[in-house]
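Asker:
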Amino acid sequence: MVGKVGKIIAYHGTKSCFVESILNDNFKIKQPKKKDNHWLGHGVYFFSEYELAHWWAETKVTVHNKKYKYCDTASVIEAEIKYKKSIDLDTAIGRNSFFSFWEQYEKEMIRKG
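Under this note's numbering, the residue at position 105 of the sequence shown is numbered 288, and the numbers go up by one with no gaps.
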């Protein structure tokens, strides 16, 4: 559905050492480092299911603990997200809306050089 207004409960998986600052700063997004390579781009990611957020956090923590000799644990933060606009990419209408936007965006970027 495109344009639906409402709220959802969503889950953010993270390292336990980040929980306090996330809660204090309300998911404030910091500027990325030039070499940051995020999964879907720079931002905060949420899952509709707790289990997926936990899996994501556990996977990241395991990799970071091994790579950097950390001993952190995974945590999941539940958040109520209010929105004015939404696009459900699981529907044909939502996907068509997204692709239409993307085509316009590409044309504008080409025009600007």
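From the three backbone atoms N, C-alpha and C, an ideal C-beta is built for every residue, glycine too. On a predicted model such as this, the values are computed, not experimentally measured, just so you know.
To the nearest angstrom, how far is the alpha carbon of S204 from that of Q287?
Answerer: Taking the straight line joining both Cα atoms gives about 37 Å.
Asker: For the beta strand (DSSP E) containing I191, list its first residue and its last residue.
Answerer: Element bounds for I191: G189 to K198.
Asker: So, Y266 versus V188, is the Cβ gap smaller than 9 Å?
Answerer: In contact: Y266 and V188 (Cβ atoms closer than 9 Å).
Asker: Can you find a C-beta in chain C that's less than 9 Å from the C-beta of T256?
Answerer: Judged by its chain identifiers, the structure shown contains no chain C, having just a single protein chain.
Asker: Identify whether Y253 lies in helix, strand or coil by the three-state DSSP scheme.
Answerer: Y253 falls in the coil class under three-state DSSP.
Asker: Considering only DSSP beta bridges, list what V259 is partnered with.
Answerer: Partner(s): G196.
Asker: Can you tell me which of the three DSSP states Y266 falls into?
Answerer: Here Y266 sits in strand by DSSP.
Asker: Leaving aside the five residues before and after G152 along the sequence, list all residues of the same chain whose C-beta is less than 8 Å from its C-beta, in chain order.
Answerer: Any property of residue 152 remains undetermined from this structure, which presents the chain solely from 184 to 296.
Asker: Please report the distance separating the alpha-carbon of F230 from that of M292.
Answerer: The alpha-carbon atoms of F230 and M292 are separated by roughly 30 Å.
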